[in-house]
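Colleague: Questions regarding the structure given below will be posed in turn.
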Amino acid sequence: MTYVAHYYYNYFTRVNPLPGPFPFPLIGNVPQIYLLFYGDAQMFYDYCYEKYGNIHEIYDCDRSIILCRREYLENFLSLSEKNAHWMRFNNSIKPEEFGTKGKGILFNNNFKSWVFNRQFFSQAILSPKFTDEAIDWINKLFDELESYWNKLFLEEIIKENKVQLDFSGWFNNFTNDIIISLLTGEKYYSMAAYFTTLSDEKSQSAMINDSVKLAQALRKQLLGVSFFLFIPSFLRNYIPFFKNKANDILNNMGFLNQRLDAIIKRRRNEIDNTSLDESLPHDMLTSMIIKNTPRDDNYFETGEANRSMTDSEIRVNLLEGIITGTHKIREILILGFFYTVNF
Numbered sequence: 038m039t040y041v042a043h044y045y046y047n048y049f050t051r052v053n054p055l056p057g058p059f060p061f062p063l064i065g066n067v068p069q070i071y072l073l074f075y076g077d078a079q080m081f082y083d084y085c086y087e088k089y090g091n092i093h094e095i096y097d098c099d100r101s102i103i104l105c106r107r108e109y110l111e112n113f114l115s116l117s118e119k120n121a122h123w124m125r126f127n128n129s130i131k132p133e134e135f136g137t138k139g140k141g142i143l144f145n146n147n148f149k150s151w152v153f154n155r156q157f158f159s160q161a162i163l164s165p166k167f168t169d170e171a172i173d174w175i176n177k178l179f180d181e182l183e184s185y186w187n188k189l190f191l192e193e194i195i196k197e198n199k200v201q202l203d204f205s206g207w208f209n210n211f212t213n214d215i216i217i218s219l220l221t222g223e224k225y226y227s228m229a230a231y232f233t234t235l236s237d238e239k240s241q242s243a244m245i246n247d248s249v250k251l252a253q254a255l256r257k258q259l260l261g262v263s264f265f266l267f268i269p270s271f272l273r274n275y276i277p278f279f280k281n282k283a284n285d286i287l288n289n290m291g292f293l294n295q296r297l298d299a300i301i302k303r304r305r306n307e308i309d310n311t312s313l314d315e316s317l318p319h320d321m322l323t324s325m326i327i328k329n330t331p332r333d334d335n336y337f338e339t340g341e342a343n344r345s346m347t348d349s350e351i352r353v354n355l356l357e358g359i360i361t362g363t364h365k366i367r368e369i370l371i372l373g374f375f376y377t378v379n380f
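Quick look at the structure:
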């Protein structure tokens, strides 16, 4: 009772109170998410935006202020060391839990390390050669997507309405293939796997099954991040239901780390076995490996400030790029298609 009284005293006397759903001790707004929205955090965010407007607050482990206008966010995206808003997330996610301490961009609260990783990431994806690579992959994969639709039509699956053409499902797998191929330089088969679930033409290819496992693990990890953001560390560590779920997410993270480590090691071996006069692919993984090494076109002897990235740093950047990239691009494609059809 003392803790509850203290919690609500702090809540009602907080500085600059904002509108938002009423929180509960220890678990914040978790009951609303699971009881009203069946665990769908996106529906919860949409509800809060519609009810409370462009700036409101929610509670998980701590108070979080939600900003929904561009002008509110400009200072947060600044690279200046004088920026007072450099911390991207609170400490509800412990970096050591995910193995991301001082690595990556998304959950990196170390400003110096964040700038280092941000520079590598930006230089890799903003280069003209990467843009050419992206255009080439998108054209190839859209031709592949179109071929699957044609096969389904010829099998009269769509004509007889045996299976409706689910654009959301197709674009989900299309973006998986685009992002993973662009970032790792390796072909993936999410669309091929999805096609086999709809067609009479079945495939037991190991590469297809491998792509399915990776896609499922990536989606699980995206949902797992939301779990770690909303569920306090006390519940994750000591309450059986939440602890089991947290352990499952961390095991899934371990699986993804192993897969990405294998991809990075394989690419390093390919680069080592490629002579200096031969060109290399322009995917993000290759760019991160060769940056600030003799294979880099802009290489020169430097100190620690411009060192090359370690495998663990590359792995975290790849994982963040894949998870966030597939989610955002899929939404843009679906929204664009919706407006094209309706307007």
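When we follow the working numbering, the leftmost residue of the sequence shown carries the number 38, and every step to the right adds one. All C-beta atoms in this analysis are idealised placements derived from N, C-alpha and C, irrespective of residue type, glycine included. Please read these numbers as outputs of a predicted model, since none were measured by experiment.
Measuring only the C-alpha atoms, how far is Pro62 from Gly136?
Modeller: One C-alpha to the other measures close to 29 Å.
Colleague: Thr50 to Ile308, Cα distance in whole Å?
Modeller: 59 Å
Colleague: With DSSP as the reference, label Phe81 as helix, strand or coil.
Modeller: helix
Colleague: At which residues does the beta strand (DSSP E) containing Arg51 begin and terminate?
Modeller: Going by DSSP, Arg51 is part of no beta strand (DSSP E) at all; its letter is neither H nor E.
Colleague: Three or more C-beta pairs under 8 Å: does that hold for the stretch 259 to 268 against the stretch 83 to 90?
Modeller: no
Colleague: Quickly, what does DSSP pair Arg100 with across the bridge? List them, please.
Modeller: The partner list for Arg100 (beta bridge, DSSP) reads Tyr96.
Colleague: Would Thr221 pass as a contact of Leu322 if the rule is Cβ separation under 8 Å?
Modeller: yes
Colleague: Could you tell me if Ser227 is buried or exposed, where buried requires 16 or more neighbouring beta carbons within 10 angstroms of its beta carbon?
Modeller: buried
Colleague: My output table needs one value for Gly65: the three-state DSSP class, helix, strand or coil.
Modeller: Strand.
Colleague: Span of the alpha helix (DSSP H) holding Lys257?
Modeller: Ala243 to Phe267
Colleague: Output the distance between the C-alpha atoms of Gln79 and Glu170, rounded to the nearest integer angstrom.
Modeller: 32 Å
Colleague: Quick check on Phe267: buried or exposed, where buried means 16 or more other Cβ atoms within 10 Å of its Cβ?
Modeller: buried
Colleague: Pull up the CB-CB distance for Asp214 and Tyr225, whole angstroms please, since I reckon it's below 8 Å.
Modeller: Right, their Cβ atoms sit about 5 Å apart.
Colleague: If you check the beta carbons only, do Ser349 and Asn329 fall under 8 Å apart?
Modeller: No, the Cβ-Cβ distance between Ser349 and Asn329 is not below 8 Å.
Colleague: Is it a yes or a no for the stretch 94 to 103 touching the stretch 63 to 83, going by three-plus beta-carbon pairs under 8 Å?
Modeller: yes
Colleague: Considering only residues of the same chain and omitting the five flanking positions on each side of Ile102, which have a CB-CB separation below 6 Å?
Modeller: The answer, listed in chain order, is Glu94.
Colleague: What ranges does the alpha helix (DSSP H) occupy inside the stretch 155 to 220, keeping only unbroken runs of at least 4 residues that lie completely in it?
Modeller: 165 to 191, all fully within the stretch 155 to 220.
Colleague: At the level of alpha carbons, what is the spacing between Gly362 and Leu55?
Modeller: 31 Å
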